[in-house]
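Enquirer: Residue numbers (our numbering): 132 to 251.
1. Between the alpha carbons of residue 148 and residue 176, how many angstroms are there, rounded?
2. Looking only at C-alpha atoms, which of 142, 133, 136 sits nearest to residue 238?
3. Would you mind working out which of 152, 218, 158, 224 sits nearest residue 205, comparing C-alpha positions?
4. In terms of alpha-carbon separation, which member of 215, 242, 135, 229 lies closest to residue 156?
5. With a CB to CB cut of under 6 Å and the five nearest residues on each side skipped, what residues in its chain are close to residue 183?
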């Protein structure tokens, strides 16, 4: 995997995480649990985040090892649940993940992207 492709995957993860946060901006948990459109949009964002993470894990396996602050396997696992077991998705878990975990992921991705932009 080229450095350019790796940056592209990190950018995709970042953009999808930001989109998931934007979809749920100002929304309460009960509001999210009643809003199927937002559930579907956020679910797709999780698929995009997880797919990019999976490609990094497959094509550049040393990168996740070197950057353990990103929960690569958990991200890929969430993607697999959304894709393969959508009707088993626990929506309160999705809501809490967007609220509590995505801000940290976005911050960690910002740091990685800035570090890589400076040439490591």
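Each residue gets a CB set at the ideal place from its N, CA and C atoms; glycine is no exception. In this text the structure is predicted, and so the values were computed from the model without any measurement.
Expert: Reading it off the structure:
1. 7 Å
2. 142
3. 224
4. 229
5. 140, 143, 144
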